[in-house]
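One structure is given here, and the rest of the page talks about it.
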Amino acid sequence: MVPPEGAEKYAFEAEVHRMMDIVVNSLYQNKDVFLRELISNASDALDKFRYLALTEPDTYKGEEEIPLQVKIQYDADEHTLTIRDTGVGMTHDEMVENLGTVARSGTTKFIQSLKESGNDDSAMSQIGQFGVGFYSTFLVADRVTVASKNPRDDAQYVWESENASSSFVVYPDPRGNTLGRGTEITLHLKEDSLEYADPNRLRELAQHYSEFVMHPISLRTTSTMEVEIEDEEEEATPETTEEAKETKGDDGDDEIEVGDDESETEEKPKKTKEVTTHSWDVLNTNQAIWTREKEDISDDEYQAFWQVLAHEATSNATSWSHFNAEGNINFKSILYLPDDLPPTYSYTNMEPVQGALRLYVRKVLIGDEFNLLPKYLGFIRGVVDSDDLPLNVNRETLQESKILSVIKKKLVRKAIEMIRQLAKDSEDEGQSEAEIDEEGNVIETEEKDSRYIAFYRKFSPNIKLGVVEDEPNRGKLMKLLRFQTSKSDGKMISLAAYFDNMKEWQEEIYVLGGASAEEIEKSPFLETFRDKDVEVIYLTDSIDEYMLRQVRDHEKKKFVQISSESVKFKDEDEDLIKRREKAYKNTFKPLTKWLRKLYTGSILRVQVARRSLGSVPAIVTSSDFGNSANMERILRAQAFQHGMDQSSFLALKVFELNPRHPLVKKLLDGCPPEEEGDEPFEVAPDILDAAWMLHDMAMLNGGFPISDPEAHNQRL
């Protein structure tokens with residue numbers, strides 16, 4: 001459109017020209033956002049009209065017949081993109097003022113006028129409060145033309161400017177009133193921005209940023225197809241048509257004439273032509289259900305919205321939390337627990353899933369890459385929408401402020417509460433009455449994991465990482481932990497349930513690590529605990545022992561590895577134990593001294609076991625300050641994977657003897673005396689072999705690998 005003679009030319013205010021340069025060169029980090037800005041402005045204009053039509057019905061009488069909508073149209077040949085809305089539109093003076101001054105956008109002025117009149121609640125859902133969003137058009141356009149018609153103005157006006165220009169023109173639209181009401185922005189695209197005249201790209205961007213905008217957003221699409229056309233000769237005269245009718249037989253089938261030579265008539269190729277059709281496709285069919293009251297939303301609607309967020313048409317969420325946060329900042333949110341691990345999720349770093357938590361301001365997407373949840377909750381999906389968020393003018397980078405910190409804290413608290421509620425509901429479901437048959441017998445059914453246990457089996461590493469990293473919420477997260485135990489028959493129980501099963505004298509939480517529950521069940525360390533009917537928690541995840549090193553205790557009860565040397569039982573006579581320990585120490589001193597020297601390099605200390613070892617002759621335990629056998633196994637594997645030296649991870653091992661076992665007594669009789677004479681004492685070969693057999697057996701009983709398996713096999 002060429003400006004007509006007499007078009008009014010205006011110079012941009014000095015700060016506008018500087019701002020346009022900043023907008024184009026540095027303010028917006030991603031030029032895709034221009035479409036979000038224009039749709040947001042269009043939505044604001046529609047909201048303005050709806051409000052003014054209610055408050056000034058005489059001024060806008062009859063205008064309500066025009067539907068409120070946003071339309072996007074492209075022309076790939078002309079390299080143009082047009083966004084049109086049926087909002088309130090702009091008068092001549094508003095065009096000059098709003099499009100020629102930064103931070104003086106119509107939205108800002110409109111909201112200010114509402115505040116002054118006290119009517120701010122009905123139109124505060126408008127996002128364009130910085131006045132620079134419009135200028136993002138110059139990220140992709142060499143020239144921008146704006147046509148607008150306001151019901152308060154008789155004429156339709158055009159605003160036009162070129163990229164990097166210091167001026168703009170405004171003139172009456174020579175086409176007349178083509179809009180009826182609203183604004184039409186036409187972008188003449190740069191050579192490097194022609195992708196924005198592609199329908200697939202436009203659909204992708206509009207649905208990404210504006211899929212929950214209240215007003216319908218339509219994209220004009222073009223399709224071309226081949227259609228058959230009748231042969232011109234057949235269409236030539238009515239007589240031809242009549243002759244064709246006469247050749248039909250009684251049954252309605254066409255008769256085929258055959259020439260004298262009885263040769264088959266070749267069928268003529270069908271003629272086709274290209275037909276181009278146009279249609280308007282609505283892009284934002286999904287509803288922003290988080291703005292509704294949760295009592296009015298069905299479970300099916302929540303699940304359908306989950307599928308929209310997850311882009312998975314067949315999956316369901318395990319649970320969700322829909323809430324309104326009020327206080328220093330108000331926001332609405334829906335958080336979802338997924339049914340399964342996201343395909344791209346990895347436990348090696350637990351980085352948040354891309355786009356898992358979307359941040360909206362008044363239903364317009366600001367971004368989905370904000371760290372609104374800690375790493376351990378990165379699997380949670382959902383939306384956060386606020387009218388109060390402070391935004392930088394480009395809306396792409398949320399200001400790091402105290403308000404953002406408040407949002408994070410509330411989201412974490414709600415996420416943990418959602419998981420806690422799932423656990424509670426699952427326990428309540430598990431306590432439901434059993435089914436009884438007609439004869440009064442309990443109907444046995446195959447026992448399945450509860451909803452929480454099914455969730456926990458997949459996401460327990462996340463909760464455990466939270467226990468390690470999130471100290472303020474550690475107590476709440478500890479209550480979400482579940483473990484198999486020596487008395488749970490394969491089921492997973494909470495620490496609260498373990499406390500209920502503790503002996504009256506018991507002051508510690510007993511744990512034992514291993515690669516699996518089956519492996520732990522075979523451990524000799526459990527013998528004494530089975531005899532005493534004391535429950536032991538099984539640590540089968542690689543993160544378990546690391547977690548308990550950080551935690552140490554829960555509700556003032558200390559975690560104790562039963563494979564460590566310091567295990568004690570409060571129900572035993574401590575004085576009797578000490579006297580017996582002293583007597584054994586003196587009696588077995590020659591043996592402990594000899595074995596300590598013999599096992600140099602693999603054993604830190606040799607001593608008589610303080611605890612009862614039952615039928616086991618000896619066992620290797622870990623020092624109170626060293627790694628357990630299970631932890632050593634994990635660290636060895638990690639060191640091997642990363643090509644690191646494994647020796648630094650070796651546990652400080654303590655060799656404990658069972659003073660009541662015949663093999664230990666035999667070794668005592670055959671070992672060198674405590675004080676050797678002038679001639680060196682020679683240990684019998686069978687005693688030496690038995691000592692090494694005892695060493696290997698104790699290492700294996702303790703869960704440690706033996707250093708020389710080949711020599712061990714030869715001794716066997």
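UniProt numbering applies: residue 1 is where the sequence shown begins, and numbers increase by one. The beta carbon of each residue, even a glycine, is placed where N, CA and C say it ideally should be.
Residue i - containing beta strand (DSSP E), residue span
| i | result |
| --- | --- |
| residue 320 | 317–325 |
| residue 559 | 557–561 |
| residue 655 | 653–657 |
| residue 149 | 141–149 |
| residue 475 | Here residue 475 belongs to no beta strand (DSSP E); instead the alpha helix (DSSP H) covers 474–478. |
| residue 218 | 217–229 |
| residue 620 | 618–622 |
| residue 661 | No beta strand (DSSP E) holds residue 661; DSSP gives it neither H nor E. |
| residue 160 | 157–162 |
| residue 331 | 331–338 |
| residue 508 | 508–513 |
| residue 154 | Taken as a continuous stretch (DSSP letters only), residue 154 belongs to no beta strand (DSSP E), as it is neither H nor E. |
Best match in the options for proximity to residue i [C-alpha to C-alpha]
| i | options | result |
| --- | --- | --- |
| residue 80 | 318, 192 and 295 | 192 |
| residue 9 | 34, 100 and 374 | 100 |
| residue 278 | 408, 374 and 199 | 199 |
| residue 68 | 49, 76 and 578 | 49 |
| residue 211 | 167, 269, 153 and 366 | 366 |
| residue 699 | 615, 602 and 688 | 602 |
| residue 633 | 375, 545, 271 and 31 | 545 |
| residue 293 | 12, 322 and 39 | 322 |
| residue 518 | 500, 307, 424 and 539 | 539 |
| residue 165 | 178, 179 and 143 | 143 |
| residue 594 | 465, 280, 585 and 606 | 606 |
| residue 273 | 161, 486 and 225 | 225 |
| residue 662 | 628, 614, 636 and 627 | 614 |
| residue 598 | 388, 453 and 689 | 689 |
| residue 324 | 204, 384, 270 and 45 | 384 |
| residue 558 | 521, 542 and 511 | 511 |
| residue 163 | 170, 708 and 188 | 188 |
Contact check, residue i vs residue j, beta carbons under 8 Å
| i | j | result |
| --- | --- | --- |
| residue 560 | residue 508 | yes |
| residue 551 | residue 506 | no |
| residue 630 | residue 490 | no |
| residue 380 | residue 356 | yes |
| residue 172 | residue 157 | yes |
| residue 72 | residue 201 | no |
| residue 305 | residue 386 | no |
| residue 209 | residue 364 | yes |
| residue 299 | residue 315 | no |
| residue 703 | residue 523 | yes |
| residue 674 | residue 589 | yes |
Bounding residues of the alpha helix (DSSP H) (the contiguous stretch that carries residue i)
| i | result |
| --- | --- |
| residue 299 | 299–310 |
| residue 40 | 33–55 |
| residue 72 | Counting along the chain, residue 72 falls outside any alpha helix (DSSP H), though it belongs to the beta strand (DSSP E) covering 70–75. |
| residue 280 | Counting along the chain, residue 280 falls outside any alpha helix (DSSP H), though it belongs to the beta strand (DSSP E) covering 271–282. |
| residue 692 | 685–701 |
| residue 451 | 451–469 |
| residue 787 | Residue numbering for the chain in the displayed model covers 1 to 716; residue 787 lies beyond these limits and cannot be assessed. |
| residue 167 | Counting along the chain, residue 167 falls outside any alpha helix (DSSP H), though it belongs to the beta strand (DSSP E) covering 167–172. |
| residue 188 | Where residue 188 is concerned, there is no enclosing alpha helix (DSSP H), although the beta strand (DSSP E) it sits in stretches over 182–189. |
| residue 496 | 495–501 |
Expected contact under 8 Å - CB spacing of residue i and residue j to nearest Å
| i | j | result |
| --- | --- | --- |
| residue 604 | residue 568 | Wrong, their Cβ atoms sit about 20 Å apart, outside the cutoff. |
| residue 133 | residue 37 | 4 Å |
| residue 351 | residue 378 | 6 Å |
| residue 525 | residue 563 | 5 Å |
| residue 372 | residue 411 | 6 Å |
| residue 549 | residue 581 | Rounded, the Cβ-Cβ distance is 28 Å, inconsistent with contact. |
| residue 659 | residue 616 | No, residue 659 and residue 616 are not in contact; Cβ-Cβ is about 12 Å, not under 8 Å. |
| residue 190 | residue 140 | 6 Å |
| residue 88 | residue 52 | 6 Å |
| residue 376 | residue 501 | That pair is no contact at about 29 Å. |
| residue 337 | residue 455 | 6 Å |
| residue 360 | residue 197 | With a Cβ gap of about 28 Å, residue 360 and residue 197 do not count as contacting. |
heavy atom of the ligand ZN below 7 Å from residue i C-beta
| i | result |
| --- | --- |
| residue 143 | As far as ligands go, the structure on display features none, and thus does not contain the ligand ZN. |
Could you tell me whether the segment 571–578 touches the segment 619–630, where touching means 3 or more Cβ pairs closer than 8 Å?
The segment 571–578, when compared against the segment 619–630, does not touch it at the 8 Å Cβ threshold.
Three or more C-beta pairs closer than 8 Å, one from the segment 201–217 and one from the segment 281–292: is that the case here?
As far as the Cβ criterion goes, the segment 201–217 touches the segment 281–292, which means the pair count is three or higher.
Touch check for the segment 181–192 and the segment 132–151: three-plus C-beta pairs under 8 Å?
With contact defined as three or more Cβ pairs closer than 8 Å, the segment 181–192 and the segment 132–151 are in contact.
Segment contact, 8 Å Cβ cut-off, at least three pairs: the segment 51–69 with the segment 153–169:
No: the two stretches stay apart, fewer than three of their Cβ pairs being nearer than 8 Å.
Say whether the segment 492–501 touches the segment 461–477, bearing in mind that this needs 3 or more beta-carbon pairs closer than 8 Å, one atom from each stretch.
The segment 492–501 vs the segment 461–477: no contact.
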